[in-house]
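K.L.:
So that we are looking at the same thing, I have put the structure below in structure tokens.
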Amino acid sequence: MTTLGEKATRQHTRDVNLRLVLRLIYELGAVSRADLARLTNLTRTTVSDVVGELIERGLVIETGLATGGGIGRTPMLLSVAEWSRPVAAISVNADSVEGALVSLRGNVGRRISRSIQGQTGADALNTLQETLDELIQTANQPLLGIGVTTPGLINASSGMIVRAVGLEWADLPLGQLLHERYGLPVKVVNDSQCLALAEHLFGEWRGVANLVVLKIGKGVGAGIVLNGQLYAGEGFGAGEIGHLAFTANGLLCKCGNRGCLETVLGSDALLHQARTAIAANPNSILAAYASDLSLGRIAEGAAMGDPVAQHVITTAAAATGAAVATIISLLSVRHVLITGRITAFGETFAELVRREVAQRALPALVRDTEIRLAPAPTITPLIGAAAPVLTGELGLIRLHRREEHVDA
């Protein structure tokens, strides 16, 4: 007679084997059953049974016979069925809700965008759900799950948004709400953390164990990967440096405090600084663009030698350098990526940041640190939103993505 304990052990073993075999097929791209048995030390019978179940689930397909010489029967190759279980990925930012279907390889198919300018609270939540409704209706295959990335303090284990200042969300059980509405696994991740995860899994620093992505847009936040894992901290707020008091008696922030880094370095704050300086210096090149000012215009003005534009960029670089130096001093990381709207300031800004960091942090820590400036492609937050679902539901460790974008 089989006991419940024995059944549980068998089920656990079976699940472990399923994930192990799927992970190898995923990472190797095309592999035979015989190779899987050799690589996993599982019996051929066990591998055959596991592969059969993966094929039945639609996660794996036979792609053809292996090529090349050899004696005996030519083995059949197996690959992951890339679009068999897409993820519905949602990225919420200050201006819009972006949605996409993302494949098991992290490629982006169907995309949807809805504006949330001026929306907060229940209105922004409704727009998010409407975007998901439309996205799910377009899916031709069963979904693996839902991944959401949004600003704010987020308990990723429960999907609870503790607080998202700009959206006026507090103690919002977003993961639970979406799970109950759609009946699918849901992962909710902070936007800066998702960018760090996307960089770790798919970016230029793919596979780097320790890195920080500093996102500077309307808000300011950092995503941290330590030892190959996202680090959120005990209160889920690791990297929330945008609401760290930066200047004494500074401007009032949306969070209720004064002088937060966001009030100095956020894109709205930088544009306000530029307009104030233009009013005092009407001969500035930027005066012609005062009603339609952007960070890109400021960068153009600085390149033309405009002192107002140069002062704004220099001030921004000093604040960014202080933030990066603090990050490096606390975490001793050697890879820091700066992204977001501030990348419009270009490589001159990045070099100013590097100089500021060198003056503020211990030379031995900075010497081998690489600080890079790179705008995040619009698909990156969507890929980052999908990544926790792919890793959590399928047990994948290193995600491999081909550089293509396919409509599912």
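Residue 354 in UniProt numbering is what sits at position 354 of the sequence shown, and the numbering runs on without skipping anything.
Think of the CB as a built atom: it goes at the ideal place given N, C-alpha and C, for glycine as much as any other residue.
Small disclaimer: the values here were computed from a predicted structure and weren't measured.
Are at least three pairs of beta-carbons, each pair with one atom in the stretch 74 to 82 and one in the stretch 20 to 37, less than 8 Å apart?
P.N.:
yes
K.L.:
What would DSSP say about ASN17, mapped onto helix, strand or coil?
P.N.:
Helix.
K.L.:
Would you grab the beta carbon distance between ILE224 and ALA238 for me? Rounded to a whole angstrom, and I think it's under 8 Å.
P.N.:
6 Å
K.L.:
GLN273: which of GLY256, ARG258, ASN283 and GLN310 sits nearest, CA to CA?
P.N.:
GLN310
K.L.:
Compare the Cα-Cα distances from ALA88 to each of TRP205, VAL102, ALA94 and GLU82 and report the closest residue.
P.N.:
VAL102
K.L.:
Counting contacts by CB-CB distance shorter than 7 Å, is GLU356 in contact with chain C?
P.N.:
Included in the structure is just one protein chain, with no chain C present.
K.L.:
Going by beta-carbon coordinates alone, are GLY221 and SER267 separated by less than 7 Å?
P.N.:
no
K.L.:
Under a three-way DSSP split, which group does LEU331 fall into?
P.N.:
If DSSP states are grouped into helix, strand and coil, LEU331 belongs with the helices.
K.L.:
Please list the segments of the beta strand (DSSP E) lying wholly inside the stretch 108 to 160, counting only runs of 3 or more residues, in order along the chain.
P.N.:
List check, beta strand (DSSP E) in window: 108 to 115, 145 to 150 and 153 to 155.
K.L.:
Tell me which residue opens and which closes the beta strand (DSSP E) that THR63 is part of.
P.N.:
60 to 65
K.L.:
Quick one: using the 10 Å Cβ neighbour count with 16 as the cut-off for buried, is ALA288 buried or exposed?
P.N.:
Exposed, since its Cβ has fewer than 16 Cβ neighbours within 10 Å.
K.L.:
Taking just the CA atoms, how far does ARG114 sit from SER96?
P.N.:
Taking the straight line from one Cα to the other gives about 6 Å.
K.L.:
In this structure, does DSSP put LEU390 in helix, strand or coil?
P.N.:
helix
K.L.:
Find out if the Cβ-Cβ distance for the pair ILE371, ARG354 is shorter than 7 Å.
P.N.:
yes
K.L.:
Taking the alpha-carbon positions, what's the GLU393 to LEU144 distance?
P.N.:
8 Å
K.L.:
Contact between the stretch 169 to 188 and the stretch 254 to 265 is defined here as three or more beta-carbon pairs at a separation below 8 Å; is this criterion met?
P.N.:
no
K.L.:
Comparing C-alpha positions only, which one of ARG14, ASN249 and LEU211 sits nearest to LEU330?
P.N.:
LEU211
K.L.:
With which residues is LYS218 paired in a DSSP beta bridge?
P.N.:
According to DSSP, which records beta bridges pairwise, LYS218 is partnered with nothing at all.
K.L.:
Helix, strand or coil for ALA209 per DSSP?
P.N.:
Per DSSP, reduced to three states, the secondary structure at ALA209 is coil, with no helix or strand assignment.
K.L.:
Between which two residues does the beta strand (DSSP E) containing GLU370 stretch?
P.N.:
370 to 373
K.L.:
Considering ASP171, what are the terminal residues of the beta strand (DSSP E) in which it resides?
P.N.:
169 to 172
K.L.:
Pull up the CB-CB distance for ARG334 and THR378, whole angstroms please, since I reckon it's below 8 Å.
P.N.:
With 8 Å as the limit, ARG334 and THR378 do not qualify as a contact, their Cβ atoms being about 28 Å apart.
K.L.:
Under 7 Å Cβ to Cβ from VAL366, same chain only, skipping five residues before and after it: list those, please.
P.N.:
ILE328, VAL357 and ALA358
K.L.:
Smallest Cα separation from GLY233: which of ALA319, GLN117, PRO142 and ASN155?
P.N.:
ASN155
K.L.:
Compute the Euclidean distance between the alpha carbons of GLY228 and GLY395, then round it to the nearest angstrom.
P.N.:
15 Å
K.L.:
According to the neighbour-count rule (16 or more other Cβ atoms, all chains shown, within 10 Å of its Cβ), is SER91 buried or exposed?
P.N.:
buried
K.L.:
Spatial neighbours of GLN119 within its chain, please: CB distance less than 7 Å, with the 5 preceding and 5 following residues excluded, ordered by chain position.
P.N.:
THR127
K.L.:
Would LEU197 and GLY384 qualify as a contact pair, given that the criterion is a beta-carbon distance under 7 Å?
P.N.:
yes
K.L.:
With 16 as the cutoff for other CB atoms within 10 Å, does residue 412 come out buried or exposed?
P.N.:
Shown here, the chain extends from 1 to 408; a query on residue 412 therefore has no answer.
K.L.:
Go through its chain and collect everything with a Cβ distance to GLN11's Cβ below 7 Å, but skip five positions before and after it.
P.N.:
none
K.L.:
Are the CB atoms of LEU293 and ALA317 within a distance shorter than 7 Å?
P.N.:
no
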